[in-house]
Amino acid sequence: MKIMVLNAGSSSLKFKLFNKQDLSVLASGVIEKIGEPQSHARVEYIDGSGEELSEEVYQSMPDHRSAVRLMEKLFREKEILGHVNELAGIGHRVVHGGESFHEPVLINDEILHAIKELVPLAPLHNPANITGIEAAMERTPDIPQVAVFDTAFHQSIPEHAYLYALPYHLYEEQKVRRYGFHGTSHSYVSKMAAEYLNLPYNELKFISLHLGNGASAAAIDRGRCVDTSMGLTPLEGLVMGTRSGDLDPAILFYLARETGMDIQELDNLLNKESGLKGICGNNDMRSIGRMADTGDSHAQLAIEIFCYRIKKYVGAYLAALSGADCLIFTGGIGENDIRVREKCLAGLDTLGVALDSQKNSNRKDGIMEIQKEGGSCKILVVPTDEEFEIASQTLKLLR
Ligand code: AMP
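Oh and the sequence shown: position 219 is 360 in the working numbering, straight run, nothing missing.
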């Protein structure tokens, strides 16, 4: 039997197929530009003889339903999945679970309705996730479908950390509070780190830094997340590819008054035109690194601002946790960018977070340990695998 993981974005569908026995990957792929004249699908898979193969398809796919049909067709043709009945379950990534969902759930009509009710809290993400769920439920009505929420891991955050200092009725009536995102990733890498250190997860204090195009920090205190940098939406906290992260909210009133920008324009400004892109015109850290190396002062500044914000959060979470046993870097930037890791921990030796530059410069697959000899806080680079975590949570629920 097999477990499928689906991650539906507004115009994309990522999928990964796992062997239920050992959660080894049998196939993975992505269908992009759904709804555009020319969609693109790519699947990588292991054939019967163990050889790694891939296939690309360019064709029009008007919606997620046709994307799911194409995925099924590719699976059948390549003999990756003979029949949908070979699926023990499908795990879906759902970005926002509000306060209703603390853990993965089996999806039925009532649950789907509850996820739809959360759309106002995540208007960009939940509708896409729902489209993926509905398309899969339509094609495989007899297969159990599980929703795994990005927000669920953060539901253990205490009231004093999740409430904003706004009139309390806005929490009661509008559910305005910190929810946090990237929960699946923070949960996965912190558990992997405990396993690597061969220490009990429930006895360790972690600071987890997920640094990708979206970026967030989490403070995890002996098995429970106690704070995270993203808020009601994924806009708050660290500087990101195109999102500003923290800023003075009064900037919005000021810009509205002075420039006449409306809500939509301000939303677009903060979510799509700010962050690294806003400072240096590029949101890809690899390119920004190259620009900085050739002397581009805006690229250099973007890296400084990005790292300084991270350093401030590390300091804040060291205080919140009264010291940490382990700091984790993950995400595309966290796993690969030597300079960023060095800069955001520079000068923290006196707080017990001491990076070893030599070890930090090494590159290797899997987990890397990069703290100085004798440093009280372990510093690990842990590759994230959100799909694996969704598959394993799906399997756990089905069992
Ligand atoms: P993610 O959202 O986790 O896929 O991460 C995307 C970000 O990771 C982009 O800013 C990429 O430029 C960055 N990234 C990926 N690989 C590298 C690398 N080898 N060095 C520096 N940044 C990288």
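In this text, a Cβ means the ideal position worked out from N, Cα and C, and glycines have one as well.
- Contact residues of the ligand AMP (beta-carbon closer than 7 angstroms to any heavy atom; chain order) are Gly353, Asn354, Gly355, Gly382, Asn424, Asp425, Met426, Arg427, Ser428, Gly430, Gly472, Gly473, Ile474, Asn477 and Asp478.
- Counting of Cβ neighbours within 10 angstroms places Leu311 among the exposed residues, the total staying below 16.
- Annotated three-state conformation of Met509 is strand, per DSSP.
- With respect to Gln534, Val330 sits apart: the two C-beta atoms are not nearer than 7 angstroms.
- Ala263 places its beta carbon less than 7 angstroms from that of His237.
- Taking the Cα positions, Ala440 is about 5 angstroms away from Ala433.
- Val523 has its alpha-carbon roughly 13 angstroms from the corresponding atom of Gln512.
- At the C-beta level, Leu407 and Leu393 come within 7 angstroms of one another.
- In the DSSP assignment, Ser349 falls within the beta strand (DSSP E) that extends over Lys346 to Leu352.
- At least 7 angstroms separates the beta-carbon of Gly230 from that of Pro282.
- In the structure shown, Ala263 adopts coil according to DSSP, grouped into three states.
- Going by DSSP, Glu193 is part of no alpha helix (DSSP H) but of the beta strand (DSSP E) stretching over Glu193 to Gln200.
- If you compare the alpha carbons of Asn354, Glu227, Asp526 and Asp437 with that of Gln162, the shortest gap goes to Glu227.
- Taking the CA atoms as reference points, Glu445 sits about 26 angstroms from Leu462.
- In the structure shown, Ser428 falls within a helical segment according to DSSP collapsed to helix, strand and coil.
- Close CB contacts of Ser326 within its chain, under the 6 angstroms cut and outside five residues either way in sequence, are with His351, Thr525 and Glu527 (chain order).
- Listed in chain order, the non-local C-beta contacts of Glu173 below 6 angstroms within the same chain comprise Ser153 and His181, local neighbours out to five positions each way being set aside.
- Straight-line spacing of the CA atoms in Ala255 and Gly170 works out to 29 angstroms.
- DSSP places Asp368 inside the beta strand (DSSP E), whose first and last residues are Arg365 to Thr369.
- Of the candidates His295, Val235 and Ile248, the residue whose Cα lies closest to the Cα of Asn270 is Val235.
- Per DSSP, reduced to three states, the secondary structure at Asn409 is helical.
- Judged by their CB atoms, Phe294 and Cys467 are not nearer to each other than the 7 angstroms cut-off.
- Nearest to Ile520 by alpha-carbon distance, out of Leu538, Arg540, Thr471 and Asp506, is Thr471.
- For Tyr186, the three-state secondary structure derived from DSSP is strand.
- Non-local beta-carbon contacts of Ala487 in its own chain, meaning distances under 7 angstroms to residues more than five positions away in sequence, are absent.
- A distance below 8 angstroms between beta-carbons, with the five flanking residues on each side excluded, links Gly436 to no residue of its chain.
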